[in-house]
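See structure below.
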Ligand code: PEP
Ligand code: MN
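Residue numbers (our numbering): 3 to 364.
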């Protein structure tokens, strides 16, 4: 038993370093047969590194399936024995950590509804003191990077050595296209804050459906993510939780096969030179844009002086609509989306108003 556990530890260590790291399995463990058949079919694809299953499910509303509980842990241990796949489960309390470790779970993750709560994160972190297995932390459900960073710091502080992030999107009132909006700039900022920490993408909880999984997974690869957690089920339509977004193990294999892998960089001199020239052009244009924006603000300042001297309000809605409409039309000709133009003009307008406000009240 001792040697078996040690061997699995080595397997997990190797998986932790592998890129891409691919984690898959059901949203929830439901029955022993379901866990074992999912694991067997996932292993058969040859694409999966770690088997996931939710044992304790934090559900938004009461009365839904809240997970099979600790009785599902031996099923995962059995699935590991049959397939050789290391396992991972979500933990939200010290007791979950204790139970998972008692059944030799190889990796743990902290879910989005737990990351939002510093008390819970601290409780889990304290239970992990001296435990030497990888721990992944999902982003909090709300787009608050301080909470996510703070949670990771709590894990670092208790000495967890192998820590990773899972990007699963952010909930928003009125989310429609995505179940949880990806807001890609947020995980990108987390990569900047924690450059040595792996970050994987969970397209299942971002999309909430099957059709967008492929393109979302591809997008994360193009942003240089380190792997995936994707939910899979032997009978997705009849899953006890998250039925709409789960796919069969075979479909998972197809999705992984269809991904296009690009390198973050290349050492080919020709490529590097071309890139350097284009980046130089971009730097130059950015400099020019900033100079021009500065000039624009100086003119706004002058208008502010006239408005002040003639006692006229800063905001004149007609004028603003005119600028925006013209901008959208010209932007379209220049290949810029209406969404971008609107955001751009909103930002410029706000800056202009702040400038004029200062002048008029000076
Ligand atoms: C899950 O992975 O099944 C889960 C509950 O996800 P999240 O914490 O991202 O909501
Ligand atoms: Mn789920």
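Glycine included, C-beta positions come from ideal geometry on N, C-alpha and C.
Model, not experiment: these values are computed from the prediction.
Coarse secondary structure for residue 273, derived from DSSP in three states: helix
Cα-Cα separation, residue 184 to residue 150: Going by the C-alpha atoms only, they are around 15 Å apart.
Residue 250 (DSSP reduced to helix, strand or coil): coil
Residues that DSSP places opposite residue 183 in a beta bridge: 172, per the DSSP bridge assignment.
Short Cβ contact (7 Å threshold) for residue 97 with residue 114: No, the Cβ-Cβ distance between residue 97 and residue 114 is not below 7 Å.
Length at least 3, wholly inside the segment 41-124: the beta strand (DSSP E) runs in chain order: DSSP runs (the beta strand (DSSP E)) wholly in the segment 41-124: 52-54, 89-92, 109-112.
Cβ contact check for the segment 271-285 and the segment 234-246: 3 or more pairs under 8 Å: Contact between the segment 271-285 and the segment 234-246 is absent, because fewer than three Cβ pairs lie under 8 Å.
Residue 21 and residue 228 closer than 7 Å at C-beta: yes
Limits of the unbroken alpha helix (DSSP H) element including residue 26: Run containing residue 26: none in the alpha helix (DSSP H); it sits in the beta strand (DSSP E), 23-27.
Sequence-distant residues of the same chain with beta carbon closer than 8 Å to residue 47, five excluded per side: 251, 252, 254, 255, 258
heavy atom of the ligand MN below 6 Å from residue 29 C-beta: yes
Residue 230 vs residue 203 beta-carbon contact at 7 Å: With contacts defined by Cβ atoms closer than 7 Å, residue 230 and residue 203 form a contacting pair.
Any non-hydrogen atom of the ligand PEP closer than 6 Å to residue 114 Cβ: Annotation for residue 114 indicates a beta carbon within 6 Å of some heavy atom of the ligand PEP.
Spatial distance of residue 153 from residue 117 (CA atoms): 6 Å
Backbone secondary structure at residue 137 - three-state DSSP: Strand.
Span of the alpha helix (DSSP H), counted from its first residue to its last, around residue 340: Segment 340-362, the alpha helix (DSSP H) holding residue 340.
Extent of the continuous beta strand (DSSP E) to which residue 233 belongs: Counting along the chain, the beta strand (DSSP E) containing residue 233 begins and ends at 229-233.
Pairwise C-alpha distance: residue 189 and residue 138: 14 Å
Inter-residue Cα distance where the pair is residue 344 and residue 35: 53 Å
Straight-line Cα distance separating residue 147 from residue 352: 25 Å
For residue 3, the three-state DSSP class (helix, strand or coil): For residue 3, the pLDDT reaches just 48, beneath the cut-off of 50, and the residue's location in the model is therefore unreliable, leaving the point undetermined.
Run of the alpha helix (DSSP H) containing residue 325, from where it starts to where it stops: 319-335
Limits of the unbroken beta strand (DSSP E) element including residue 400: Absent from the structure is residue 400, since the part of the chain shown begins at 3 and ends at 364.
Which residues DSSP lists as bridging residue 165, in chain order: Under DSSP, residue 165 forms a beta bridge with 137.
Option in 357, 347, 291, 362 with minimal Cα separation from residue 314: Selected option, being the one with the closest Cα: 362.
Three-state secondary structure assigned by DSSP to residue 206: helix
The segment 25-43 in contact with the segment 63-81 per 3-pair CB rule at 8 Å: Touching, yes, given that three or more Cβ pairs across the two stretches are closer than 8 Å.
Selection from 68, 102, 122, 42 that minimises the alpha carbon distance to residue 83: Residue 83 has its Cα closest to that of 42, out of 68, 102, 122, 42.
Cross-strand partners of residue 30 (DSSP beta bridge): Its beta-bridge partners are 56.
Limits of the unbroken alpha helix (DSSP H) element including residue 218: 215-224
heavy atom of the ligand MN below 6 Å from residue 237 C-beta: For the ligand MN, no non-hydrogen atom lies closer than 6 Å to the CB of residue 237.
Sequence-distant residues of the same chain with beta carbon closer than 7 Å to residue 103, five excluded per side: 133
Test: residue 362 CB closer than 7 Å to a CB of chain B: The question asks about chain B, but that chain is absent: this structure has only one protein chain.
Counted within 10 angstroms of its Cβ, other Cβ atoms place residue 63 as buried (16 or more) or exposed: exposed
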